[in-house]
Amino acid sequence: MSDSTLLAREIARRKTFAIISHPDAGKTTLTEKLLLYGGAIQMAGAVKAKKARAHAVSDWMEMERERGISIVSSVLQFPYKGRQLNLVDCPGHADFSEDTYRALMATDAAIMLLDSAKGVEMQTKKLFRVCKLRQMPIFTFVNKMDRPGRDPFELIGEVEEVLGIGVYPVTWPIHASGKFRGVYHRELKQVFLFELVAHGAEIAPMEATTLDAPHLLEALGEEAVKQLRDDVELLEAAGDALDRDRLARGEVTPMFFGSALTNFGLPQFLDAFIELMPLPAPRNSDKGLIEPTDERFTAFVFKIQANMDRQHRDRLAFLRVCSGRYERGMKVRHVRTGREVRLTNPVQFMAQERTVVDDGYAGDIIGMFDPGLYLIGDTICTGSPVAYEPLPQFPPEHFARMAILDPMKRKQLKKGLEQLGQEGSIQLFRPPEGREGEAIVGTVGELQFDVVKARLAAEYGVDVRVERLSFSFARWVEGDTLPLAELENQLYGYGALDIRDNPVVLFKGDWQLESCVKAFPKTRFLELGNSI
Ligand code: GDP
0 MSDSTLLARE IARRKTFAII SHPDAGKTTL TEKLLLYGGA IQMAGAVKAK
50 KARAHAVSDW MEMERERGIS IVSSVLQFPY KGRQLNLVDC PGHADFSEDT
100 YRALMATDAA IMLLDSAKGV EMQTKKLFRV CKLRQMPIFT FVNKMDRPGR
150 DPFELIGEVE EVLGIGVYPV TWPIHASGKF RGVYHRELKQ VFLFELVAHG
200 AEIAPMEATT LDAPHLLEAL GEEAVKQLRD DVELLEAAGD ALDRDRLARG
250 EVTPMFFGSA LTNFGLPQFL DAFIELMPLP APRNSDKGLI EPTDERFTAF
300 VFKIQANMDR QHRDRLAFLR VCSGRYERGM KVRHVRTGRE VRLTNPVQFM
350 AQERTVVDDG YAGDIIGMFD PGLYLIGDTI CTGSPVAYEP LPQFPPEHFA
400 RMAILDPMKR KQLKKGLEQL GQEGSIQLFR PPEGREGEAI VGTVGELQFD
450 VVKARLAAEY GVDVRVERLS FSFARWVEGD TLPLAELENQ LYGYGALDIR
500 DNPVVLFKGD WQLESCVKAF PKTRFLELGN SI
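Here the sequence shown stands for residues 0 to 531, where the numbers follow numbering that gives the first Met the number 0.
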């Protein structure tokens, strides 16, 4: 087989995605079932321990060793029916941060997981906006169908209305006598009825039949069958088919119903997901679009995790491989500095356990030990240098000043904040020319301030008090320039500069943004900053 055929085949096997959801929708459960149905584990029930990480760490490491997989990491890699799935974690809840959004910069598709009783929730909405920005294909799984939830038609309406994406239901839930029994698959025109085993810890036996099979009446009863046939008729009346081009552009989402806990409807979803997931799209660089099958190796940094191992104070840079093939020890160019570096020990299973990999292909996520070279958004490549588009800065929602307790440590504080800012752990907004004052720290997640405070103390020897500020969002400025230093005096918000010296305004609320827009009609105020 020629090199380019092999490259194309390997890339087509890789499916790199994230699950976007609101806490409690069932992300952990679904992740575990991916492993169960992919054959990576035989019995579910382990991943839940993630929630009780403190006591379960040793069990975890044991399991990871045994199964050769990592189940608590930022990236989870495992086989599924001949494909290699790379699941990039989008941490939520207390861990919600810029990293959550950036995970979506490194993936080729997202699974949007909804709780059938709750529909589209806040965190899902925020993450969806980022997927939309990238025109990323989105697959919707409506979970917890085994419990009373909303009417499926109503849920479709909600997704279309709230998120502005078309919905194409591929499967449809079947209930009989108040119990969830399985799904009807519209493409296969088959009914799948499930049996509950071991509380869903093992693969659930299922039986396939057709809508008009007499046996179906026996299994479900007349009323349920009539309901199902009516529903299907209603769906088919729309007369449409799933448009794969629109799916690839994120304009329509195939929707599936099921229960991650009991596994009902799950294999139909997983099979369709890996079948329908488009090939990785080309990515934009300063030299134009780069196809994943380009022979050149290219990758960019989307996450940096510092001090993963306290004893070594090391940093790990997570890179998304965008094109070509890599080999351990290969020489690549670090484009921003022009330096040549070696892929000495690329690692793949990034948790407490790391496995060094010898080679891999576009679609993979690799970790590189970072001596302080990498910044979020950096490109490495072989051949003539290219740089991928900078990652956006995501909308911070929490703001504070770090009040220093020992004035002698001002310099260390400045250095610490700058480094945390460059690392992309926080966003820094400094006063514009002509104004004095300390930088304002902005974060996407509220608890990031605790992390900043702890890291300033541990790594830079600076104790601070976090003084929360009453801003509620930031907007990046485009178009006509603003008198940044004077905005605050006129109550139009607080003008500042971000870490790349881009002008930003921090606002206390919509009212303030509106008055600013009125006062400066030729200036645009953008939700996403365009570089980090
Ligand atoms: P995460 O916060 O999104 O990771 O959610 P988890 O996977 O931890 O699930 C949250 C809760 O919902 C747990 O108690 C799960 O057992 C439960 N859960 C998850 N999927 C289902 C489901 O399909 N049906 C029911 N009844 N409960 C579920």
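Note that CB positions come from ideal geometry on N, CA and C, so glycine has one too.
In this text the structure is predicted, and so the values were computed from the model without any measurement.
Ranked by how close their Cα comes to the Cα of residue 448, the residues 93, 336 and 171 have 93 in first place. A straight line joining the alpha-carbon of residue 371 with that of residue 107 spans about 28 angstroms. Secondary structure of residue 501 (DSSP, three-state): coil. DSSP places residue 402 inside the beta strand (DSSP E), whose first and last residues are 397 to 403.
Between the ligand GDP and the CB of residue 22, the shortest heavy atom gap is smaller than 8 angstroms. Per DSSP, reduced to three states, the secondary structure at residue 323 is coil, with no helix or strand assignment. Taking C-alpha positions only, residue 90 is separated from residue 425 by approximately 16 angstroms. Pairing residue 482 with residue 132 gives a Cβ-Cβ distance that is not under 9 angstroms. Counting only runs that start and end inside the stretch 237 to 300, the alpha helix (DSSP H) elements of at least 4 residues fall at 243 to 247 and 265 to 275. Taken atom to atom, the span from the alpha-carbon of residue 301 to that of residue 462 is near 29 angstroms. Where residue 346 is concerned, there is no enclosing beta strand (DSSP E), because DSSP gives it neither an H nor an E. 442 is the residue among 491, 442, 488 and 512 whose C-alpha sits nearest the C-alpha of residue 497. Inclusion of residue 362 and residue 320 in the CB contact set at 9 angstroms is warranted, their separation being smaller than that value. Take the alpha-carbon of residue 139 and the one of residue 14: they are about 16 angstroms apart. Spanning the alpha carbons of residue 74 and residue 366 requires a straight line of approximately 10 angstroms. The beta carbon of residue 26 sits closer than 8 angstroms to at least one heavy atom of the ligand GDP. Residue 244 counts as exposed, since fewer than 16 other C-beta atoms from the protein chains shown sit within 10 angstroms of its C-beta. Using a cutoff of 8 angstroms, the CB of residue 500 does not count as near the ligand GDP, since none of the ligand's heavy atoms is closer than that. Residue 282 sits close to residue 387, with the two beta carbons spaced by under 9 angstroms.
Short of 6 angstroms from the beta carbon of residue 356, and not among the five residues preceding or following it, lie these beta carbons of its own chain, in chain order: 345 and 347. Remark: the shortest separation between the CB of residue 124 and any heavy atom of the ligand GDP does not fall under 8 angstroms. A distance criterion of 8 angstroms places the beta-carbon of residue 214 beyond contact range of the ligand GDP, judged by its closest non-hydrogen atom.
In terms of CA proximity to residue 487, 506 leads the group 423, 477, 506 and 475.
Distance from the CA of residue 206 to the CA of residue 417, rounded to the nearest whole angstrom, comes to 59 angstroms. Contact between the stretch 196 to 206 and the stretch 152 to 172 is absent: fewer than three C-beta pairs spanning the two stretches fall below 8 angstroms. In the DSSP annotation of this structure, residue 358 is not part of any alpha helix (DSSP H); the continuous beta strand (DSSP E) holding it starts and ends at 358 to 360. Listed in chain order, the non-local C-beta contacts of residue 179 below 7 angstroms within the same chain comprise 144, 145, 172, 258 and 263, local neighbours out to five positions each way being set aside.
For the ligand GDP, a non-hydrogen atom lies closer than 8 angstroms to the CB of residue 257. Annotation for residue 152: the continuous alpha helix (DSSP H) segment containing it runs 151 to 157.
In the three-state reduction of the DSSP assignment, residue 112 falls in the strand class, which pools E and B.
Taking a 10 Å sphere around the C-beta of residue 469, we find fewer than 16 other C-beta atoms and assign the residue as exposed.
DSSP places residue 453 in the uninterrupted alpha helix (DSSP H) bounded by 447 to 459. Per DSSP, reduced to three states, the secondary structure at residue 121 is helical.
In this structure, residue 121 has its beta carbon at no less than 8 angstroms from each heavy atom of the ligand GDP. In the structure shown, the three-state DSSP call for residue 526 is coil.
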